[in-house]
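**Q** Starting off with a structure, shown below.
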Amino acid sequence: MSADYQVTLEWGAAGVRAASADVIVIADADRGEETRELLALAPRTSLVLDATLANASDIARAALDEQVRLGDRASIAIVAAGERWADGSLRPNAADLLVAGRVVDALAELGIDFHSPACAAACAAAVALRGATNTLVAADAAAHQKAGAR
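Every number in my numbering is 42 more than the matching position in the sequence shown, counting from 1.
What follows is the structure in structure tokens.
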């Protein structure tokens with residue numbers, strides 16, 4: 043995770059392990075098994091939040107509240123949960139990227155906008171696809187469920 047940015051985006055367990063932020067946000071569209079695993083890996087010294095499409099604004103507000111509590115700029119690591127391939131390796135997915143992008147957008151609306159290029163890309167996708175996000179997340183989940191049934 044780069045200390046050059048206030049808000050960064052990482053993926054999966056390695057992203058949580060690398061995070062040394064004041065606030066860690068687990069972005070998982072379906073709050074699946076990955077969320078539970080990543081929450082368990084998160085450092086206890088950070089405020090750890092779990093984000094979905096429905097609560098992205100609330101998560102951003104909680105991060106801002108933590109920054110106010112600290113009295114200084116809070117570092118925020120957004121970790122997109124992703125899924126797993128059959129061999130256990132990380133499988134990034136569009137749904138969790140869009141959740142992360144929504145959180146980045148909500149943070150920017152609150153004035154926390156010094157974010158990494160990865161955050162900017164996720165945010166751009168979420169903003170550009172705002173009207174279709176729920177449908178895309180549902181389609182992504184259905185595709186992964188169908189692939190898992192094979």
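Here a beta-carbon is modelled for each residue, glycine too, at the ideal position from N, C-alpha and C. Just so it is clear, the structure is predicted and the values come from calculations on it, not from any experiment.
Arg172 to Ile68, Cα distance in whole Å?
**A** Position 130 of the sequence shown holds residue 172. Position 26 of the sequence shown holds residue 68. Cα-Cα distance, rounded: 20 Å.
**Q** Just the Cα atoms here: how many angstroms apart are Ala116 and Ala164?
**A** Locating residue 116 in the sequence shown gives position 74, counting from the first residue. Locating residue 164 in the sequence shown gives position 122, counting from the first residue. So the alpha carbons of these two residues sit roughly 20 Å apart.
**Q** Mind checking whether Val146 and Gln109 have CB atoms under 9 Å apart?
**A** Reading the sequence shown from its first residue, position 104 is the one you call residue 146. Reading the sequence shown from its first residue, position 67 is the one you call residue 109. Contact: no.
**Q** Suppose you measure from the CA of Leu106 to the CA of Glu79; what does that come to, to the nearest Å?
**A** Against the sequence shown, residue 106 aligns to sequence position 64. Against the sequence shown, residue 79 aligns to sequence position 37. Near 25 Å, if we compare the C-alpha coordinates of Glu79 and Leu106.
**Q** In terms of alpha-carbon separation, which member of Glu151, Leu112, Ile154, Ala184 lies closest to Ser19?
**A** A query on residue 19 cannot be resolved here, the shown segment of the chain reaching from 43 to 192 and no further.
**Q** List the residues that DSSP assigns as beta-bridge partners of Thr50.
**A** Taking the first residue of the sequence shown as 1, we reach residue 50 at position 8. Beta-bridge pairing links Thr50 to Ala119.
**Q** Closer than 6 Å by C-beta to Gly57: which residues in its own chain qualify, once you throw out the five before and the five after it? Chain order, please.
**A** Translated into positions along the sequence shown, residue 57 becomes position 15. The answer, listed in chain order, is Val121.
**Q** Could you tell me whether any Cβ in chain D is nearer than 9 Å to the Cβ of Arg126?
**A** In the structure shown, chain D cannot be found, because there is only a single protein chain.
**Q** Can you tell which of Ser62, Phe156, Ala71 has its C-alpha closest to the C-alpha of Asn176?
**A** Position 134 of the sequence shown, counting from 1, holds the residue named residue 176. Comparing Cα positions, the closest option is Ala71.
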